[in-house]
Structure formats: C-alpha cells, structure tokens
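Residue numbers for the sequence shown follow our numbering, so the first one is 28 and each next one is one higher.
Encoded as structure tokens, the structure appears first; notes follow it.
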Amino acid sequence: MSKKILVLPGDGIGPEIVAEAIKVLDCLRHDHGLDVEVERGLIGGAAYDQTGKPLPDETLALAKAADSVLLGAVGGPAYDGLDRPLRPERGLLAIRSELELFGNLRPAILYPQLAAASALKPEVVSGLDIMIVRELTGGIYFGEPRGIRTLENGEREGYNTLVYRESEIERIGRLAFEIAARRNGRLCSVDKANVLEVTELWREVMNGLAPEYPAVDLSHMYVDNAAMQLVRAPKQFDVMVTTNMFGDILSDCASMLTGSIGMLPSASLDARSKGMYEPIHGSAPNIAGKGVANPLATILSVAMMLRYSLDQPDLARRVEDAVGTVLDQGLRTPDIHTPETRRVTTVEMGDAVLAALRD
Ligand code: IPM
Ligand code: MG
28 MSKKILVLPG DGIGPEIVAE AIKVLDCLRH DHGLDVEVER GLIGGAAYDQ
78 TGKPLPDETL ALAKAADSVL LGAVGGPAYD GLDRPLRPER GLLAIRSELE
128 LFGNLRPAIL YPQLAAASAL KPEVVSGLDI MIVRELTGGI YFGEPRGIRT
178 LENGEREGYN TLVYRESEIE RIGRLAFEIA ARRNGRLCSV DKANVLEVTE
228 LWREVMNGLA PEYPAVDLSH MYVDNAAMQL VRAPKQFDVM VTTNMFGDIL
278 SDCASMLTGS IGMLPSASLD ARSKGMYEPI HGSAPNIAGK GVANPLATIL
328 SVAMMLRYSL DQPDLARRVE DAVGTVLDQG LRTPDIHTPE TRRVTTVEMG
378 DAVLAALRD
C-alpha cells in the first residue's frame, strides 16, 4: 500500500526549498519504485493568510492521516505583530505537539567537501558526525503558566515555565540511548543541573536508565560548557541528548561547524516512528524568492524520512550519495560558496541532485 506524505511548504524560503525536495521524491517514485502519494497543506503564515489560523484543522487532520510530513519553514516579519496564538511559530509548535513528535534528531555531519566552509579550522571539524537528540514537545516551550502580565505597580512581567515529568525525560532518554547504542556508544546528556531543579531530575532519570544500556557510556555536561566544547573540540561528541530549548540553541551552534545551517536536516519522531522532517534553518525572509536558498537540508530531510519512517534505507543512502556527488562537482549555493567552487541557484542545485540520482 502506498504511503502518504504530507508536504507543508510554509513561509519565506520554505516553498522554494520544498519544491526541490519534491523533485527528488518524484524522481524516486518514477525511477526507483518508491510507492508514495504526496499531498500538500498549509501551515504558518501562509495558512494564516488563507484561513486565519497558523495550523488549520484541515492540515492537522491531513497530518494525522499521513505516514510522514515534510515541512519547509515558518515565520516572517509580516506576522510579527499578530497575537501570539496566531503567529506562524505557534502553528509549528502545535503540529509537533499534536502529533506527539517528542524526539527531534538533528545530525550535524561535516561533508568533507565543505571543510573550508566551516567557521572552524578543518582539523577541528574534519570527520565530524554528531547526533543531537532534542526533546521537542515539552519543557519551557510548552510549560504553563506562560504570558506577559502587569504587576500592581504597573510594571510588566514576562514568564514561562520550565517543566518536565519523569516520563517525558525517560522517553527521550530511551530514544537517545538506543541511537547511541547503534552509533559509537557515547551519550552526553546536557543539562543545567547546578542551577535548575528540572534538570537535576533530568540527570537523575538519565542515570537511572544507564544500567539498561551497558553498551552506552553516559556522561553529563552543563549546557554552558557544552556550547563551549562544541566550538572548542566538537569531535568529542557522538550523541547529545537535551531539553527542548537547549537543543534548539545547541543545534544551531553545531550547524555552523558543518559549514552552513543550510545543510542540516532533522527528523521529529513519535513513539511509533511516524515523523515530520524539516531543515533546521528557518524561513530566512531576507533571502526568500531570490533563488539563493540552499535546498540540501530539505533534500537531506527526505533522506531521513526514507530511513526513519518509510523503511527505505537504500534510497536514503542514494539521496545522501547524490548530495555528496553535487558537492564533489563543486556546486555551491551562496551560503557554502568559496572562491574555488561554482555558485548555483536553488533550482540548479536541485537539478544537479536529480541528475546525480539518475546516474
Ligand atoms: C527550530 C526553530 C523553531 C524552534 C522555531 C521556528 C519555533 O528554531 O526548529 O529550531 O524554536 O523550535
Ligand atoms: Mg531553532
């Protein structure tokens, strides 16, 4: 039976990069026997413009019925003035939460061809292969109460709540231990247990799981030190597991080690490996519509979808190899362009990946 993929292009550069990823999916359908149906839906500002909501009920229903979701990006300056519940980002958070996509996998892999594009020296990053496992449906992003209130003296006060239940920590912990067991067996749990009780509990729960995974070597690191170590000596890490907000920040940081945030895909999984796949970069409104956005993070997100939700590891590898081929050919969108390489547009990059897939 064919699997259903819901595509949500979203805002900013979302539609441009998703168009290239759809070309890849179409090619896999026609040339490599991938049995999928692709539907489209609205999310973010694009959804607000047409329906008045950043996550219309229809999109949520389609997403629930789909086997996996491919998302571009959401957000843009045009929506900054909206009431918070109507903002594009709330649509993204709502779909993550409604689909219970608690496990966010953000691999930071340096393609050797991009060593010169990294902000760090080649010897610090060459061979880099880190998996950041970010908790995605809890923590301060969702904790209640939240808001901005006016105090008796008339001053305003903003507040959010950082809260994690043991069960939430345990399920993300188990996912991270399992991933670490399949990789190099090193798991670093990142917290701020010296200050925040929530993450004191986080550390306790992680330690409690460790005896069940004897093949995994668990360590702990405070988030400030982890940020420093990521830049100082990133190759010390294999798998990192952390809270929603720390994972948001550390994954952007890790992306720069790989040359560009335009290269990093992600998978957000529920307990049954249904997933939503998206590049970790945002909607980049400053470059939207100019044909300069890097589609590779979205194309690599398709590879993750093939691997984690569609059970097609061989096709996943094919897509990743095709990306390697275009990099070998010296093709670069502006974000990864260096003087000795050839600058290409979003569409040219997508076409080159297709040509490599067909070879
Ligand atoms: C990400 C993004 C989102 C997040 C925003 C757009 C809500 O930064 O996926 O990392 O903070 O999770
Ligand atoms: Mg982010």
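From the three backbone atoms N, C-alpha and C, an ideal C-beta is built for every residue, glycine too.
Look up histidine 308 in the DSSP assignment and give the residues it is bridged to.
Paired residues: none, contrary to the question.
Contained beta strand (DSSP E) runs [length at least 3] in the segment 281-308, N- to C-terminal order
Counting whole runs of 3 or more residues, the segment 281-308 contains the beta strand (DSSP E) stretches 294-296, 302-304.
Presumed contact (8 Å Cβ cut-off) between alanine 343 and glycine 289, rounded CB distance
Between alanine 343 and glycine 289 the beta-carbon gap is near 20 Å, outside 8 Å, which marks them as no contact.
Alpha carbons only, please: which of Pro134, Gln140, Leu97, Ile136 is nearest the one belonging to leucine 119?
The shortest C-alpha separation from leucine 119 is found at Leu97.
Along the alpha helix (DSSP H) that carries methionine 331, what are the first and last residues, could you check?
Counting along the chain, the alpha helix (DSSP H) containing methionine 331 begins and ends at 323-335.
How is valine 160 classed by DSSP in three states: helix, strand or coil?
DSSP, reduced to helix, strand and coil, places valine 160 within a strand of the structure shown.
Could I get the ranges of all uninterrupted beta strand (DSSP E) runs contained in the segment 160-246, with 3 residues as the minimum, in chain order?
Unbroken beta strand (DSSP E) runs of no fewer than 3 residues, entirely contained in the segment 160-246, are found at 174-177, 183-186, 213-218, following chain order.
Taking 7 Å as the cut-off, is the C-beta of valine 101 nearer than that to any heavy atom in the ligand IPM?
Checking the 7 Å criterion, the Cβ of valine 101 is within range of a heavy atom belonging to the ligand IPM.
Would you say the segment 208-226 touches the segment 281-288, given that touching needs at least three Cβ pairs under 8 Å?
Touching, no, given that fewer than three Cβ pairs across the two stretches are closer than 8 Å.
Extent of the continuous alpha helix (DSSP H) to which lysine 91 belongs
For lysine 91, the enclosing alpha helix (DSSP H) has its first and last residue at 84-92.
Whose C-alpha, out of Arg176, Ala203, Gly166, Arg183, is nearest the C-alpha of valine 190?
Valine 190 has its Cα closest to that of Gly166, out of Arg176, Ala203, Gly166, Arg183.
Lysine 80 vs leucine 155 beta-carbon contact at 8 Å
Contact: no.
Threonine 352 in three-state terms, based on DSSP:
The three-state reading of DSSP puts threonine 352 in helix, counting H, G and I together.
Quick one: does the C-beta of aspartate 279 sit closer than 7 Å to a heavy atom of the ligand MG?
Yes, the ligand MG has a heavy atom inside 7 Å of this Cβ.
Closest to glutamate 116 by CA distance: which of Asp110, Ser124, Tyr335, Val101 is it?
Ranking the options by Cα distance to glutamate 116, first place goes to Val101.
If I'm right that alanine 294 touches leucine 137 with Cβ under 8 Å, what's the distance once you round it to whole angstroms?
Taking 8 Å as the upper bound for CB-CB distance, alanine 294 and leucine 137 are not in contact here, some 19 Å apart.
Sort Arg385, Ile49, Ala73 by Cα distance to valine 65 and report the nearest one.
Nearest option by C-alpha distance: Ile49.
Per DSSP, cross-strand counterpart(s) of tyrosine 138
Within the DSSP secondary-structure output, tyrosine 138 pairs in no beta bridge.
What residues in its chain sit with their C-beta under 6 Å from that of alanine 379, if we drop five residues either side in the sequence?
For alanine 379, same chain residues with a beta-carbon under 6 Å away, outside a window of 5 residues either side, are Val353, Leu358 in chain order.
Enumerated in chain order, which unbroken segments of the beta strand (DSSP E) with a length of 3 residues or greater are wholly contained in the segment 31-63?
Fully enclosed beta strand (DSSP E) runs of no fewer than 3 residues are not present anywhere in the segment 31-63.
The beta strand (DSSP E) spanning alanine 100 covers which residue range?
Annotation: the continuous beta strand (DSSP E) that includes alanine 100 extends over 95-100.
If you draw a straight line from the C-alpha of aspartate 62 to the C-alpha of lysine 30, how long is it?
Going by the C-alpha atoms only, they are around 7 Å apart.
State the DSSP-derived secondary structure class of methionine 272, mapped to helix, strand or coil.
Three-state DSSP puts methionine 272 in a helix.
For methionine 28, which of helix, strand or coil comes out of DSSP?
Residue state, collapsed to three classes: coil.
Inspect the beta-carbon positions of valine 268 and alanine 203 and report whether they are closer than 8 Å.
Yes. Within cutoff.
Can you name, in chain order, every residue of its own chain whose Cβ lies under 6 Å from the Cβ of proline 134, other than the five neighbours on each side?
Take proline 134, set aside five residues on each side of it, and the residues of its chain with a beta-carbon closer than 6 Å to its own are Met158, in chain order.
Which same chain residues end up closer than 6 Å to glycine 286 when comparing Cβ atoms and leaving out the 5 residues on each side of it in sequence?
Excluding residues within five positions, the ones whose Cβ falls inside 6 Å are Leu141, Ala144, Ser145, Ile363.
Does glutamate 66 come out as helix, strand or coil in the three-state DSSP assignment?
Reduced to three states, the DSSP call for glutamate 66 is strand.
Does the distance from the C-beta atom of proline 366 to that of valine 319 stay below 8 Å?
Valine 319 is positioned such that its CB atom lies no closer than 8 Å to that of proline 366.
I'd like to know if the segment 180-190 and the segment 250-264 are in contact, where contact means that at least 3 CB-CB pairs between them fall below 8 Å.
Touching, no.
I'd like the list of long-range same chain contacts for leucine 223, defined as Cβ closer than 8 Å, with 5 residues on each side in sequence excluded.
Taken in chain order, the residues that qualify are Leu189.
So for arginine 114, helix, strand or coil by DSSP?
Residue state, collapsed to three classes: coil.
Can you tell me the Cα-Cα spacing of leucine 21 and proline 241, whole angstroms?
With the chain running from 28 to 386 in the structure shown, residue 21 is simply not present.
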